[in-house]
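Going by numbering that gives the first Met the number 0, the residue at position 296 of the sequence shown is 295; the numbering climbs one at a time, nothing skipped. Ideal placement from N, C-alpha and C gives every residue a C-beta, glycine not left out.
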Amino acid sequence: MDPYEYTSNGNDNVPADENLADDEIARLEEELTPKGADYYGILNISRSASEDDIKDAYKKLCRFFHPDKHNTDETKKIAESRFQVIQRAYEVLTDAQKRAIYDTYGEAGLTAKWEVGPKFKSTDEMMAEFEKKERLRREKELESLVRAHNDFTLRLDATQILDPYDPPVFTFGQPTQVRKKHPLEFLTRGRVEQLFMRHSFETQIGPQTQAIIGGSMVTQGGMGGGNLVGTIRHTVSPKLWGEFSATILHPRIFTLKTNYNVSADSFVNATFVSRTLSGPPVTSVTAGRRLFKSTTGYITYRTGEWALGSWGDSSRASDKSSVSLGLASAHKQGSYSVELQTGIQASHLAGDYTHKLPNHMVLRLSSSLSSSAGIAVSIGSDHKVSEHIRFGMVLECGLASGVMIKFRASRLGQKFSVPIILSQGLDLRVALGALIVPSSVALALDRYVLTPRRKLRIKEKIAALREEHQEYLATRKQEALDAQLLMADIGQRKRNQEEKKEDGLVIEEAVYGNLNGQDEDEKVDVTLVVQTLVNESRLTIPGGHSKTSILGFYDPCLGEHKQLKVRYRFRHRLHEAIVEDTAHLICPMQSHLI
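Next up, the structure:
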């Protein structure tokens with residue numbers, strides 16, 4: 000069984016997860032573009048904080064940043080600037096309506112303007128961005144107008160390459176000396192077993208009607224054929240749609256498909272296929288219902304070729320009736336499906352499982368037990384090379400089908416597939432080699448070519464974003480240093496107070512940034528800032544937002560993995576904690592003891 004082709008609904012796309020198709024560079028740009036101030040981070044509270052928590056946090060910050068708390072003109076000016084930000088955060092979060100708008104739409108949803116924010120784009124930058132979006136819009140419009148799809152399948156037979164047979168040649172009863180062969184001559188033993196091509200394009204002919212024209216051809220064993228197919232698809236309502244297809248050349252085949260969504264959790268569809276008017280059409284009816292949150296069960300009845308009174312002759316029917324029961328489920332990490340079919344002609348039990356791996360890779364496993372084809376097992380993988388290009392391979396082994404490996408590539412609506420028959424029978428040695436060699440090549444390609452290329456692109460993008468937003472980053476850094484200046488005296492006083500307590504919490508060292516990097520510029524010392532956050536010998540930094548929003552913090556390494564390391568003494572014993580950028584931190588804890 001080919002896991003690319005076997006699904007419960009006939010769709011061989013990647014399991015539903017829109018994040019899988021996202022462009023990594025575009026996502027990186029979106030994540031690293033400086034956002035407005037995070038009000039929750041400024042007040043150092045969680046997003047579920049009550050109004051009392053907000054007021055307490057506001058009062059604590061007023062001790063540091065209220066202009067009346069400072070004596071010199073320089074510190075008063077700095078404090079006034081920071082206090083305006085704190086005051087704005089407090090006003091928004093204590094107003095139920097404004098807080099709801101902020102939680103939903105962010106700072107952009109509020110009418111107030113901020114003195115600190117992402118820098119405005121220049122005219123050239125805006126024109127470049129506009130031209131890029133306009134080009135993408137035109138491409139999407141053209142694609143929606145044409146919607147062309149191409150399938151190309153080249154089926155090769157490589158059995159003579161792996162297991163060659165050279166019969167002895169005799170001349171006048173004497174064996175003829177075999178000529179010396181070229182080392183690569185064995186590759187010429189492979190032959191093309193089948194060539195298949197299909198092309199179709201879709202166009203909108205009405206608000207709810209599409210027309211599809213397609214053609215296909217196949218050659219095998221020196222013989223070939225082809226046909227043209229026309230399809231009309233119409234959506235009657237959001238719950239009901241149908242389509243009718245007919246071939247133009249011989250053999251003539253007429254197909255009618257309908258689908259009706261009974262409710263949000265159940266559906267019914269039917270397919271009618273007629274090859275001749277001398278008998279009723281072969282009918283397939285499927286009814287399905289969602290059984291659990293992400294699991295759907297279905298039952299399918301297929302009539303096969305049948306007779307209705309004198310209309311049709313079922314005695315010579317080669318297509319018999321069958322009934323199928325199945326389950327299909329999709330979740331965040333993959334999907335699976337199981338199907339049991341019983342029929343007069345053949346029965347089978349089949350299943351497949353798809354699991355998503357890092358770096359946009361997908362692992363597929365499938366197996367089937369059939370009364371006609373015996374046991375078949377397949378394993379495959381799918382890899383996202385770029386935003387629109389995917390490459391995959393699958394190894395299929397079966398008692399009746401032998402060993403076959405399939406390579407597949409796709410870009411938008413274009414698909415290219417190369418199945419290669421390695422053995423006519425089940426040969427475990429060939430199957431093992433076919434699994435190890437291509438997998439090793441694919442892993443080496445990913446590790447030494449694709450991954451370095453992807454890292455280089457990300458590195459270049461991060462460098463470009465740093466240059467683009469350097470003015471904003473420099474402003475945020477200066478504001479953080481100014482805040483540290485205001486907090487230094489109070490931080491030192493708090494440290495002295497905690498040192499005098501028997502169970503005091505003294506921050507020995509606090510470092511924020513890329514802790515695994517060698518560049519010291521990618522780290523910032525926030526020891527006194529963290530000390531000021533200690534209240535009654537307890538340190539609490541809520542999670543859910545980047546720590547760059549905390550007053551006195553800034554981003555020293557845009558685009559890099561950031562952590563916060565806090566080394567502290569509690570009851571005169573040394574502790575250490577390292578947390579992720581958006582994780583919460585509570586000190587002291589027994590698990591932090593060194």
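- Query: DSSP beta-bridge partners for Val440?
  - Reply: For this step, residue 440 is matched to residue 441 along the sequence shown. Its beta-bridge partners do not exist; DSSP assigns none.
- Query: Just the Cα atoms here: how many angstroms apart are Asp312 and Glu304?
  - Reply: For the purposes of this step, residue 312 is taken as residue 313 along the sequence shown, with counting starting at 1. For the purposes of this step, residue 304 is taken as residue 305 along the sequence shown, with counting starting at 1. One C-alpha to the other measures close to 8 Å.
- Item | Rounded separation between Pro451 and Ile461 - CA only | Your numbering for residue 451 matches position 452 in the sequence shown. Your numbering for residue 461 matches position 462 in the sequence shown. Near 15 Å, if we compare the C-alpha coordinates of Ile461 and Pro451.
- Query: Smallest Cα separation from Asn302: which of Phe271, Ser346, Leu290, Tyr447?
  - Reply: As a first step, residue 302 must be located in the sequence shown, where it is residue number 303. The residue you asked about is not Asn; residue 302 is Thr in the sequence shown. That would be Phe271, whose Cα lies nearest to the Cα of Thr302.
- Message: With distance defined between alpha-carbon atoms, name the residue in Val261, Tyr447, Lys68 nearest to Ser236.
- Response: By one-based count along the sequence shown, residue 236 stands at place 237. Nearest C-alpha to Ser236: Val261.
- Query: Which partner residues does Asp524 have in the DSSP bridge list?
  - Reply: Locating residue 524 in the sequence shown gives position 525, where the first residue counts as 1. Val510.
- Give the straight-line distance between the Cα atoms of Ser400 and Ile211, rounded to the nearest whole angstrom. Here residue 400 refers to the residue found at position 401 of the sequence shown. Here residue 211 refers to the residue found at position 212 of the sequence shown. Annotation: Ser400 to Ile211 spans about 34 Å, alpha carbon to alpha carbon.
- Query: Looking only at C-alpha atoms, which of Leu255, Arg134, Leu161, His382 sits nearest to Leu421?
  - Reply: Residue mapping note: residue 421 aligns to position 422 of the sequence shown, counting from 1. Restricting attention to Leu255, Arg134, Leu161, His382, the CA atom closest to the CA of Leu421 is found in Leu161.
- Message: Please classify Asn534 as buried or exposed, where buried requires at least 16 other C-beta atoms within 10 Å of its C-beta.
- Response: Along the sequence shown, read from residue 1 onward, the residue named residue 534 stands at position 535. Taking a 10 Å sphere around the C-beta of Asn534, we find fewer than 16 other C-beta atoms and assign the residue as exposed.
- Message: So, with DSSP's three-state summary, where would you put His583?
- Response: Your numbering for residue 583 matches position 584 in the sequence shown. Secondary structure at His583: coil, using DSSP grouped into helix, strand and coil.
- Message: Please give the ranges of any beta strand (DSSP E) in the region 346 to 412, keeping only runs that are unbroken, at least 3 residues long and fully inside the region.
- Response: Correct list: 347 to 356, 360 to 369, 373 to 383, 388 to 397, 401 to 410.
- Is Leu194 closer than 7 Å to Thr218 when the C-beta atoms are compared? One-based indexing of the sequence shown puts residue 218 at position 219. One-based indexing of the sequence shown puts residue 194 at position 195. Less than 7 Å separates the beta-carbon of Thr218 from that of Leu194.
- Query: At what residues does the alpha helix (DSSP H) containing Gly40 begin and finish?
  - Reply: On the sequence shown, position 41 is the one that residue 40 refers to. Per DSSP, the unbroken alpha helix (DSSP H) holding Gly40 starts and ends at 38 to 42.
- Closest Cα partner of His544 within the set Tyr511, Arg566, His583: Here the question's residue 544 lines up with position 545 in the sequence shown. Sorting Tyr511, Arg566, His583 by C-alpha distance to the C-alpha of His544 places His583 at the top.
- Out of curiosity, what's the CA-to-CA distance linking Gly432 and His382? Counted from its first residue, the sequence shown places residue 432 at position 433. Counted from its first residue, the sequence shown places residue 382 at position 383. About 21 Å.
- Task: Run through the region 213 to 237 for me and flag every whole beta strand (DSSP E) of 3 or more residues, listed as ranges in chain order.
- Result: Taking 3 residues as the minimum length, the beta strand (DSSP E) runs contained wholly in the region 213 to 237 are 222 to 236, in order along the chain.
- Message: Between which two residues does the beta strand (DSSP E) holding Leu565 run?
- Response: Position 566 of the sequence shown, counting from 1, holds the residue named residue 565. One detail in the question is off: residue 565 reads as Val in this sequence, not Leu. Element bounds for Val565: 562 to 569.
- Task: Answer with buried or exposed for Asn70, where buried requires no fewer than 16 other C-beta atoms within 10 angstroms of its C-beta.
- Result: Locating residue 70 in the sequence shown gives position 71, where the first residue counts as 1. It counts as exposed.
- Assign Met403 to buried or exposed, taking buried as 16 or more other Cβ atoms, counted over all protein chains shown, within 10 Å of its Cβ. Working through the sequence shown from its first residue, we reach residue 403 at position 404. Label assigned to Met403: buried.
- N-terminal and C-terminal residue of the alpha helix (DSSP H) that Gly342 is part of: Counting from one through the sequence shown, the residue named residue 342 turns up at place 343. Boundaries around Gly342 are those of the beta strand (DSSP E), 333 to 342, since no alpha helix (DSSP H) includes it.
- Task: Would you kindly check if the distance between the Cβ of Val267 and the Cβ of Tyr300 is under 7 Å?
- Result: By 1-based counting over the sequence shown, the position of residue 300 is 301. By 1-based counting over the sequence shown, the position of residue 267 is 268. Taking 7 Å as the Cβ cut-off, Tyr300 and Val267 do not qualify as a contacting pair.
- Sequence-distant residues of its chain with Cβ nearer than 6 Å to Val578 (five each side left out): Here residue 578 refers to the residue found at position 579 when the sequence shown is read from its first residue. Cβ neighbours of Val578 beyond the five flanking positions: Leu563, Leu584.
- Short Cβ contact (7 Å threshold) for Ala430 with Cys396: Here residue 430 corresponds to residue number 431 of the sequence shown, with the count starting at 1. Here residue 396 corresponds to residue number 397 of the sequence shown, with the count starting at 1. Judged by beta-carbon spacing, Cys396 lies within the 7 Å limit of Ala430, meaning their Cβ atoms are closer than that value.
- Query: Applying the criterion that 16 or more other CB atoms from any shown protein chain within 10 Å of the CB defines a buried residue, is Leu592 buried or exposed?
  - Reply: Locating residue 592 in the sequence shown gives position 593, where the first residue counts as 1. Flag for Leu592 reads exposed.
- Item | Residue span of the alpha helix (DSSP H) that contains Met486, given as start and end | Numbered from its first residue, the sequence shown carries residue 486 at position 487. Going by DSSP, Met486 is part of the alpha helix (DSSP H) stretching over 469 to 499.
- Could you pull out every residue in the same chain whose Cβ sits closer than 7 Å to the Cβ of Gln413, ignoring the five residues on either side in sequence? Counted from its first residue, the sequence shown places residue 413 at position 414. Correct list, in chain order: Asn149.
- Look at the alpha carbon of Met360 and the alpha carbon of Lys331, and state the distance between them as a whole number of angstroms. Taking the sequence shown and counting its residues from 1, the one referred to as residue 360 is at position 361. Taking the sequence shown and counting its residues from 1, the one referred to as residue 331 is at position 332. Rounded to whole angstroms, Met360 and Lys331 show a C-alpha spacing of 14 Å.
- Figure out for me which residue from Thr581, Arg289, Thr254 has the closest Cα to the Cα of Thr275. In the sequence shown, counting from the first residue as 1, residue 275 sits at position 276. If we check each option's Cα against that of Thr275, Thr254 comes out closest.
- Message: At the level of alpha carbons, what is the spacing between Ala408 and Phe151?
- Response: Your numbering for residue 408 matches position 409 in the sequence shown. Your numbering for residue 151 matches position 152 in the sequence shown. Distance between the alpha carbons of Ala408 and Phe151 is about 10 Å.
- Task: From the DSSP output, in three-state form, read off Lys594 for me.
- Result: Nothing can be reported for residue 594, as the shown portion of the chain is limited to 0 through 593.
- Task: In the DSSP assignment, find the unbroken beta strand (DSSP E) run with Tyr101 in it and report its ends.
- Result: By one-based count along the sequence shown, residue 101 stands at place 102. According to the DSSP assignment, Tyr101 belongs to no beta strand (DSSP E) but to the alpha helix (DSSP H) extending over 95 to 104.
- Query: Using the rule of at least 16 other Cβ atoms within 10 Å of the residue's Cβ for burial, across every protein chain shown, is Glu201 buried or exposed?
  - Reply: Here residue 201 refers to the residue found at position 202 of the sequence shown. With 16 or more neighbouring CB atoms inside 10 Å of its own CB, Glu201 falls in the buried class.
- Query: How about Ser370 and Ala345: are their beta carbons less than 7 Å apart?
  - Reply: What you label residue 370 is simply residue 371 of the sequence shown in a count that begins at 1. What you label residue 345 is simply residue 346 of the sequence shown in a count that begins at 1. In this structure, Ala345 lies closer than 7 Å to Ser370 by Cβ.
- Item | Helix, strand or coil at Tyr447 [DSSP, three-state] | Mapped onto the sequence shown, residue 447 falls at position 448. In the structure shown, Tyr447 adopts helical secondary structure according to DSSP, grouped into three states.
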